[in-house]
Structures are given as C-alpha cells and as structure tokens.
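Visitor: Got a structure for you, questions after.
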Amino acid sequence: MKPERSDVGRDRVVAVVIPARNEAASVGSVVAKVSELHPDFDVVVVDDASDDQTAALARAAGAKVLRAPIRLGYGGAVQTGFKFAHARGYDLVVLMDADGQHDPACIAALVEASRSYDLVVGSRFAGEASYRIPVVRLAGMKAFSAIASAITRRRLTDTSSGFQAVGRKVFTLFALGSYPVDFPDADTLIWVARHGFSIGEVPVVMHQRVAGKSMISGVTSSVKYALKMPLAIVVTLLRIPVAHKGEDAR
Amino acid sequence: MNLQVRVISLVVSLLFVGYVLWLVRSRKLREADSIVWVLAGLSIFVLSIWMKPLELLTRLIGARLVVSTLFFAGIVFLVFVSLWMTTRVSELSEQVKDLAQKVTLLSEERPER
Numbered sequence: 370m371k372p373e374r375s376d377v378g379r380d381r382v383v384a385v386v387i388p389a390r391n392e393a394a395s396v397g398s399v400v401a402k403v404s405e406l407h408p409d410f411d412v413v414v415v416d417d418a419s420d421d422q423t424a425a426l427a428r429a430a431g432a433k434v435l436r437a438p439i440r441l442g443y444g445g446a447v448q449t450g451f452k453f454a455h456a457r458g459y460d461l462v463v464l465m466d467a468d469g470q471h472d473p474a475c476i477a478a479l480v481e482a483s484r485s486y487d488l489v490v491g492s493r494f495a496g497e498a499s500y501r502i503p504v505v506r507l508a509g510m511k512a513f514s515a516i517a518s519a520i521t522r523r524r525l526t527d528t529s530s531g532f533q534a535v536g537r538k539v540f541t542l543f544a545l546g547s548y549p550v551d552f553p554d555a556d557t558l559i560w561v562a563r564h565g566f567s568i569g570e571v572p573v574v575m576h577q578r579v580a581g582k583s584m585i586s587g588v589t590s591s592v593k594y595a596l597k598m599p600l601a602i603v604v605t606l607l608r609i610p611v612a613h614k615g616e617d618a619r
Numbered sequence: 423m424n425l426q427v428r429v430i431s432l433v434v435s436l437l438f439v440g441y442v443l444w445l446v447r448s449r450k451l452r453e454a455d456s457i458v459w460v461l462a463g464l465s466i467f468v469l470s471i472w473m474k475p476l477e478l479l480t481r482l483i484g485a486r487l488v489v490s491t492l493f494f495a496g497i498v499f500l501v502f503v504s505l506w507m508t509t510r511v512s513e514l515s516e517q518v519k520d521l522a523q524k525v526t527l528l529s530e531e532r533p534e535r
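One line per chain: the protein sequences are C and S, in this order. Residue numbers for the first sequence, in my numbering: 370 to 619. Residue numbers for the second sequence, in my numbering: 423 to 535.
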C-alpha cells in the first residue's frame, strides 16, 4: 500500500522536528516515511550526541540534521528544534519521536487541527488504544493528565505525549524562554495555557517501539518522574507568564 | 574554652586561610568564589582570640554551651553554602546547555540528496 501524499499544511512552512538519541535502527524509516507523506515539510532531526549512525542515516533519508556536541537530554533536544524553527521562520513545528512509535500518518490530523489551536497534542488515549503501558506508569500519566485538565480547564488525556503540532507563538515561548530539559509533560502544557494559548487534542495511533527503550524506564527514573512532575507543576504555577514582545518580529 | 583548643583553632584557621589564598594564587579558585571561605576562616581566627561575641550569641539563643552555638552556626553556614553551590551548578548547567544548543544550531548539515 503506497501512502498518499498529503496536501495538509501546504500553505504554511512546516518543520517536522525529530529528536533522536541512538535511534539508528528506526530514524531512517521514520524520516523517509514523513518525507514521502509530506514532501513540502522540512524534516529536522536533532541528533542528541548519538554514539551510533543516527545522524548519517537521518541525512541519507533526506533530513536536515542538527548534531549536539554533548548530550542535551530529550527536552534540550526538543528546545533546540524550537530554536531552529524560530530562527528560520517556520510557522509550525510537528514534534515526533524517532523510535517509530508515532505513526507519520497522524501528522496530517495534527497539522489540520493546528489551524484552530496554538498547540495540538496527539493523544494515545483520546482514541483507540492499542498501546501497552505498565500499570504504574499509566496511573501516573492519568493522574498528571487529570491535574493538568483541572488547572487548564481543558480536557487533556495525554500530557506526556511527544507527538505534537506546535504553533509559532508557542514554540517562540519555548525557544526564547525555558523548556524542561528532561521530560516535558503536564507542566509545559500548563505553562502554555497560562499564556492564554489554546490547546487541542487529536487521537493518534501509537505503535510499540521499533527499537530502543522508553526514556522513563527503571525504578530510579520512574520515582524521579513521580517526584519531579508535582514539583514542576507547582513551580509552573508560581512562575509569572512572560511576554516576548517584539522579539518575534524579525 | 581552654588555651589548647584556642591555639589549635587559631592554627587551623590560619592554615585554612593560607590554603584558600594558595588556591586563588594557583588559579584553582576564583577571587570572587574565595571571599566566603576567607571570611569563614577569618571568623574562626577572630573567635579563637576574642570569644565575647560567641558567648553573647550563646546567651541570646538560650544555648547552654558555647560549643552548641558554634556547631549550630557551622551547620547553618554549611547548609547555605551547599545550597548556594547547587544554584551555581544549575546556572552552569543552563549555560552549558545554551552553548551546546548554539553549537547544535550551527552544525546543520544539509540532506545528501
């Protein structure tokens, strides 16, 4: 089955930002599939100081590659993508993972929804669930989604999703301001909402990863996640929203 | 406090300040970062000779022994120093991240085809 090219988003300059660390097994096919579906979009792989062939394979598949000299962390790599998009004048950033879990076929829906929302989150739980997550982690994700929903007064079902369409106003906020270096989650969504930006959700299909392992794996990082998230939410609520006035006009 | 203890703390504080100055001289420590340690060393030096302020403070906080005051002050001082150090580490991490991101943005390699 040959995927059909999509005309969605052709009137806008769109960058598909793919942070990747040691994803040689999957990054090539992800880049190729995205380019095939959306030939007008620029695919930008932020290679987070990989030890393997991630950068070379991404480039061979047709992506622009930004190579970090030292490990930035997931959030640091994502923010680099936002800084790139901000500097180069992109209208929209589609953020997705390099491990093959995010289906490139869902990009069109995210881009389409981004006409109505400043930030669109691809939710694994808003639609059909074919995705297995350890029970404890699922409970944590649901809990933080519930908290974020209550605070932002919007229905958010999947705050930890790394499959998003981020409008220029929102990625400018992250490019010029701060962005979590580890796992951006409910705190970043609350931060976006506090600036008065709209947040929408579309269901996305998640595959089991082709390669690699979850960023949050093992007891230590799970505990760290469970402790860090409530703290990050509290701190986000204490921070004063910023206005990057005029900085966007270039 | 007896003479022996005072002499020892006098010598230790002098050696400490000397070591701090040596670190600054050999550029292992910046002047700005050394101030807090020089002041700490000098305070111990002064308190070894002239214990009045310490006795006064002991009475003020209601402690029974001068030693308790010393321990309390020492622990509070160390806690704040380490907290301050952590803020410096955070600041440096942020700067390193920003620099690394700038380098990353400059590294853009065009697609091969």
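Using N, Cα and C, we set each Cβ at its ideal position, and we do this for glycine too. Owing to the predicted nature of the structure, the values given are computational and were not obtained by experimental measurement.
Kindly provide the ranges of any beta strand (DSSP E) runs that are 3 or more residues long and lie completely inside the stretch 419-475 of chain C, ordered along the chain.
Guide: 433-436, 461-464
Visitor: Taking the alpha carbon of residue 513/C as the point to measure from, which residue in 597/C, 484/C, 549/C has its own alpha carbon closest?
Guide: Here the question's residue 513/C lines up with position 144 in the first sequence. Here the closest residue by C-alpha is 597/C.
Visitor: Pick out whichever of 437/C, 399/C, 506/C, 525/C has its Cα sitting closest to the Cα of residue 468/C.
Guide: The residue labelled residue 468/C in the question sits at position 99 within the first sequence. Looking at the Cα atoms, 399/C is the closest of the given residues.
Visitor: Who are the Cβ neighbours of residue 576/C in its own chain at under 7 Å, not counting the five residues just before and after it?
Guide: The residue given as residue 576/C occupies position 207 in the first sequence. Closer than 7 Å at Cβ, skipping near neighbours: 469, 470, 472.
Visitor: Residue 437/C: which of 390/C, 406/C, 427/C sits nearest, CA to CA?
Guide: Taking the first sequence and counting its residues from 1, one reaches residue 437/C at position 68. Answer by Cα proximity: 390/C.
Visitor: Figure out for me which residue from 440/S, 504/S, 492/S has the closest Cα to the Cα of residue 470/S.
Guide: Numbered from 1 along the second sequence, position 48 holds the residue referred to as residue 470/S. Looking at the Cα atoms, 492/S is the closest of the given residues.
Visitor: What are the residues of the stretch 439-455 of chain C that lie near chain S, defined by any Cβ-Cβ distance shorter than 9 Å?
Guide: 439, 440, 441, 442, 445, 446, 448, 449, 452, 453
Visitor: Taking 9 Å as the threshold (beta carbon to beta carbon), is residue 436/C in contact with chain S?
Guide: For the purposes of this step, residue 436/C is taken as the residue at position 67 of the first sequence. At least one chain S Cβ lies under 9 Å of residue 436/C.
Visitor: Three or more beta-carbon pairs under 8 Å between the stretch 420-434 of chain C and the stretch 398-412 of chain C, yes or no?
Guide: yes
Visitor: State yes or no: is the beta carbon of residue 597/C nearer than 9 Å to at least one beta carbon in chain S?
Guide: As a first step, residue 597/C is located in the first sequence; it is residue number 228 there, counting from the start. So, not an interface residue.
Visitor: Which residue or residues does DSSP assign as beta-bridge partners of residue 488/C?
Guide: As a first step, residue 488/C must be located in the first sequence, where it is residue number 119. Paired residues: 535/C, 568/C.
Visitor: Looking at the secondary structure, which residues open and close the beta strand (DSSP E) in which residue 388/C lies?
Guide: Translated into positions along the first sequence, residue 388/C becomes position 19. Counting along the chain, residue 388/C sits inside the beta strand (DSSP E) bounded by residues 383-389.
Visitor: Check whether the Cβ of residue 550/C lies closer than 9 Å to any Cβ atom in chain S.
Guide: Within the first sequence, residue 550/C is the residue found at index 181, counting from 1. Output row for residue 550/C: interface = yes.
Visitor: Which of the three DSSP states is assigned to residue 416/C in this structure?
Guide: Taking the first sequence and counting its residues from 1, one reaches residue 416/C at position 47. Three-state DSSP puts residue 416/C in a strand.
Visitor: Please confirm if residue 527/S has its CB atom under 9 Å from at least one CB of chain C.
Guide: Position 105 of the second sequence holds residue 527/S. Judged by the 9 Å Cβ criterion, residue 527/S is in contact with chain C.
Visitor: Could you pull out every residue in the same chain whose Cβ sits closer than 8 Å to the Cβ of residue 561/C, ignoring the five residues on either side in sequence?
Guide: Here residue 561/C is taken as the residue at index 192 of the first sequence, counted from 1. Only 487, 488, 539, 542, 568 meet the Cβ criterion.
Visitor: Please confirm if the stretch 516-528 of chain S is in contact with the stretch 461-477 of chain S, defined as three or more CB-CB distances below 8 Å between the two stretches.
Guide: The stretch 516-528 of chain S and the stretch 461-477 of chain S do not touch, with fewer than 3 CB-CB distances between them shorter than 8 Å.
Visitor: Taking the straight line between their C-alpha atoms, what separation do you get for residue 612/C and residue 564/C?
Guide: The residue you call residue 612/C lines up with position 243 of the first sequence. The residue you call residue 564/C lines up with position 195 of the first sequence. So the two alpha carbons sit approximately 8 Å from each other.
Visitor: For residue 411/C, which beta-bridge partners are listed by DSSP?
Guide: On the first sequence, residue 411/C is found 42 positions in, with the first residue counted as 1. DSSP output for residue 411/C lists 384/C as bridge partner(s).
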